[in-house]
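Position one of the sequence shown corresponds to residue 6 (our numbering), numbered consecutively onward.
Glycine residues also receive a C-beta, built at the ideal position from the N, C-alpha and C atoms.
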Amino acid sequence: MKKLLIIMVLFSLVVTGCGKNSKPQVENKEPQQSAEATATPEVMDEPQVTGEEGTVFTDSNQITGLAKAILSNMTIEEKVGQMFLVNLESLDDTKGTFFEHRKITKRMKENLEQYSVGGVILFSRNIETREQTIKLNSDLQANTNIPLWIAVDEEGGDIARIGNNPNMKTTQFPSMEVVGSTEGSKFCYNMGKTIGTEIKELGFNLDFAPVADVRTNERNTEIGNRSFGSDADLVAKLSSAVVKGLQSTGVSSTLKHFPGHGDAEGDTHKSSVNIGSDINRLRTVDFVPFKKGIKAGADFIMISHISISRVAGNTLPASLSPLVMKDIVRTELGFNGVVITDAMDMKAITNNYSAGDAALKAINAGADVVLAPADFVEAYNKVVNAVIRGDMKESRIDESVQRILETKIKRGLILSNNDLIYKKSK
Numbered sequence: 006m007k008k009l010l011i012i013m014v015l016f017s018l019v020v021t022g023c024g025k026n027s028k029p030q031v032e033n034k035e036p037q038q039s040a041e042a043t044a045t046p047e048v049m050d051e052p053q054v055t056g057e058e059g060t061v062f063t064d065s066n067q068i069t070g071l072a073k074a075i076l077s078n079m080t081i082e083e084k085v086g087q088m089f090l091v092n093l094e095s096l097d098d099t100k101g102t103f104f105e106h107r108k109i110t111k112r113m114k115e116n117l118e119q120y121s122v123g124g125v126i127l128f129s130r131n132i133e134t135r136e137q138t139i140k141l142n143s144d145l146q147a148n149t150n151i152p153l154w155i156a157v158d159e160e161g162g163d164i165a166r167i168g169n170n171p172n173m174k175t176t177q178f179p180s181m182e183v184v185g186s187t188e189g190s191k192f193c194y195n196m197g198k199t200i201g202t203e204i205k206e207l208g209f210n211l212d213f214a215p216v217a218d219v220r221t222n223e224r225n226t227e228i229g230n231r232s233f234g235s236d237a238d239l240v241a242k243l244s245s246a247v248v249k250g251l252q253s254t255g256v257s258s259t260l261k262h263f264p265g266h267g268d269a270e271g272d273t274h275k276s277s278v279n280i281g282s283d284i285n286r287l288r289t290v291d292f293v294p295f296k297k298g299i300k301a302g303a304d305f306i307m308i309s310h311i312s313i314s315r316v317a318g319n320t321l322p323a324s325l326s327p328l329v330m331k332d333i334v335r336t337e338l339g340f341n342g343v344v345i346t347d348a349m350d351m352k353a354i355t356n357n358y359s360a361g362d363a364a365l366k367a368i369n370a371g372a373d374v375v376l377a378p379a380d381f382v383e384a385y386n387k388v389v390n391a392v393i394r395g396d397m398k399e400s401r402i403d404e405s406v407q408r409i410l411e412t413k414i415k416r417g418l419i420l421s422n423n424d425l426i427y428k429k430s431k
């Protein structure tokens, strides 16, 4: 990226020369406490740490300014790349064939350089041992210009790619159904903090958790015991505590699966799913945990592929719906963080849309990040070409990439040490 190195140096000089109220706050890391020993704070303290690599920016004006400075020097291709978070296999085989990749390959290095993706998600198949996982994540970061989100589904219970692998030597937690029936917000905060601490040690910085779905349909198998329960207020209280616990460690949390998957009967991994809830039902039940999680400061909201036909008047998946992402998530709920789709290689999408069309529709509808397209290169090229042709405004891309960069800066992926961030210029 042209001039980025210079911009980071100049920005650092400006920050250093500012008054003390605008300097990055610096504290020493405190030793992590166990889940049993840590109490729930009323207000989450944002991490303010100094490490060998640099200092985390905590001043909102500095974060916004640095993100704008970086954005202004990015190419269209680099901006679009940041809007994709892909399966590891997609960096080696563009259609994401599920080989059990557990180390970086030459092709992955080349594609990280070429496409400047925003992040990568790892699954159980990619995670074998602590040493292997740490090296893989380190190698991925070492071969990218803008630091990656390295994501994992670490909910606890059955969906714990790390916790359910005995080689990883991390804490196992029961299902959220069990937690919801036996524990309170203090336990959930501590659980989030423990998970965040343990996965951060392995090189992860984004957790696709907590599940904020209110399970009101007993025939719902896709969510099942992943939900805290059928009481919206309980789910709101416990899921927001997990958000605070996770993010106290510097790991981003994700409220999922908006607009609420708890009343659905089908499985969007296998087919299209519609729920018949009206807007009043959604507002008084399904939206409640998401509202609470937004107030708790959640960095991400994941949009599911279910449709809400009684509200939208159509069966468009929520992940492709401007009504859901713009009118409800942004305007009604006031969410200013990162909106990410659920995985786009699920049958609810692939049965009806090409990878390119799905990505373009999702971004036009308001998504900031497209997760796991069935064919990443096709999806990427479709969006890039739409911007170049003028079919999609570059300002629409800029809006999302600004959010992406701000979140990466806030969580310490982009630190004050510019030499770590931009190793080379293009």
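For the pair of segments examined, the segment 72-79 was found not to touch the segment 364-371: the number of CB pairs separated by less than 8 Å stays below three. Runs of beta strand (DSSP E) with 3 or more residues, each lying fully within the segment 246-292, are found at 259-263, listed in chain order. Looking at the backbone, the Cα of L287 and that of K296 are separated by about 12 Å. Take F209, set aside five residues on each side of it, and the residues of its chain with a beta-carbon closer than 6 Å to its own are I155, V157, in chain order. The Cβ atoms of V216 and I228 sit closer than 8 Å to each other. In the structure shown, the three-state DSSP call for E399 is helix. In the DSSP annotation of this structure, F381 is not part of any beta strand (DSSP E); the continuous alpha helix (DSSP H) holding it starts and ends at 381-394. Close CB contacts of T149 within its chain, under the 6 Å cut and outside five residues either way in sequence, are with L117 (chain order). Exclusion of the five residues before and after A348 leaves L376, A377 as the residues of its chain whose Cβ lies within less than 7 Å of its Cβ.
Between F263 and V316, the CB-CB gap reaches or exceeds 8 Å. DSSP places F305 in the uninterrupted beta strand (DSSP E) bounded by 305-308.
Between the C-alpha atoms of S244 and R394 there is a straight-line separation of about 43 Å. For G208, the three-state secondary structure derived from DSSP is coil. Listed in chain order, the non-local C-beta contacts of A165 below 6 Å within the same chain comprise E159, local neighbours out to five positions each way being set aside. Look at G298 here: in three-state DSSP terms it is helix. For M307 against T259, the beta-carbon gap comes to about 5 Å, under 8 Å, which counts as contact. The Cβ-Cβ distance between L211 and V256 falls below 8 Å. The Cβ neighbour count for N225, taken over all protein chains shown within 10 Å, is at least 16; the residue is labelled buried. Contact check for G342 against T412 passes: the beta carbons are separated by less than 8 Å.
When C-alpha distances from N319 are compared across F381, T273, G281, T336, the shortest belongs to G281. As for any alpha helix (DSSP H) of minimum length 4 sitting wholly inside the segment 109-181, the runs are 111-120, 135-147, ordered along the chain.
Taking C-alpha positions only, V392 is separated from M351 by approximately 26 Å.
Between N78 and H106 a beta carbon distance of about 32 Å is seen, past the 8 Å cut, so the two are scored as non-contacting.
Taken through DSSP and simplified to helix, strand or coil, N222 comes out as coil. F292 is the residue among S121, F292, Y385, A379 whose C-alpha sits nearest the C-alpha of F340.
A residue is called buried once 16 or more other Cβ atoms fall within 10 Å of its Cβ, and P294 is buried on that count. Spanning the alpha carbons of Y385 and H310 requires a straight line of approximately 20 Å. Contact check for K108 against L145 fails: the beta carbons are separated by 8 Å or more. Assignment of S190 by DSSP, reduced to helix, strand and coil, places it in the helix class.
The residues L365, I368, N369, V388, A391, in chain order, have a CB closer than 8 Å to that of M397 in the same chain once the five nearest residues on each side in sequence are set aside. Sequence-distant partners of L93 (beyond 5 residues in either direction) whose C-beta falls short of 7 Å from its own C-beta, in its chain, are H106, V125, L127, N131. With contacts defined as CB atoms closer than 8 Å, F192 and V183 fail to qualify as a contacting pair. Of T187, T138, K275, T202, the smallest CA-CA separation from N356 is found for K275. DSSP places I345 in the uninterrupted beta strand (DSSP E) bounded by 343-346. Only residues of its own chain outside the window of five on either side were considered, and among them I308, S324, A367, A372, V375, L376 have a CB closer than 6 Å to the CB of T346, listed in chain order. The secondary-structure analysis by DSSP pairs S312 across a beta bridge with N279.
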